[in-house]
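Data first, discussion second: the structure below is written as structure tokens.
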Amino acid sequence: MLLEDMEPIVKKFYDGVAEGKLLGRKCKECGAIEFPPHLGCNTCGYHETEWVELSGHGTLESFVVPGIQNDKPYLKAVEPYGYGKVKLDEGAEYSFVVFCGKKKVVKGLQERLYRNQETIGVHFKPIKRIVPEKEGSDVMVEWWEPCFELDEVAAQ
């Protein structure tokens with residue numbers, strides 16, 4: 011597959027993010043949801059897929075906070091953050107940046123997920139970040155937040 015073949019897919023996806031929508035592609039043969047969107051189906055190999063708007067809801071399946079936070083300006087402004095594997099309600103799985111806030115929140119999330127074996131719902135929230143070093147530039151970040159109040163976790 012050539013890069014220029016993916017360009018319309020990538021553009022449409024990020025246009026959706028800019029509008030606050032999470033888009034994927036649905037296979038016309040087997041019905042599998044592809045996320046992030048691809049030209050063809052990774053499940054059955056069929057070549058025809060169509061755009062679908064996803065709910066933006068899922069379940070956090072794993073979660074890790076890097077010991078050294080990334081120095082990218084759009085991530086630095088929201089330290090600490092973590093990476094999480096999210097299973098979308100529509101079935102697709104992907105790793106995303108997950109907002110987690112204070113250290114108490116991080117510990118609370120990890121305890122609920124791993125020790126207590128709780129299901130943690132998350133929802134998609136696109137965030138536009140300005141990159142200070144580049145005049146007039148901005149970055150759209152695929153961002154996920156827990157469905158409950160983060161202060162609840164810190165208090166536990």
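The sequence shown begins at 11 in our numbering and counts up one residue at a time.
Ideal Cβ placement from N, Cα and C applies to all residues, glycine included.
| query | result |
| --- | --- |
| contact_flag[the region 89-108, the region 36-48] where n(CB pairs < 8 Å) is 3 or more | yes |
| Coarse secondary structure for F134, derived from DSSP in three states | strand |
| Classification of T59 by the beta-carbon crowding that lies within 10 angstroms, buried from 16 upward | buried |
| Cβ-heavy atom distance, T53 to the ligand FMN, below 8 Å | With respect to the ligand FMN, the structure shown offers nothing to examine, as it has no ligands at all. |
| Residues near V74 in its chain [Cβ-Cβ closer than 8 Å; skip 5 each side] | G92, Y93, G94 |
| C-alpha distance - K22 paired with L123, whole-angstrom precision | 34 Å |
| Inter-residue spacing [alpha-carbon to alpha-carbon] between P76 and G68 | 22 Å |
| Beta-carbon spacing of G55, L98 below 9 Å | no |
| C-alpha gap between F134 and V115, whole angstroms | 18 Å |
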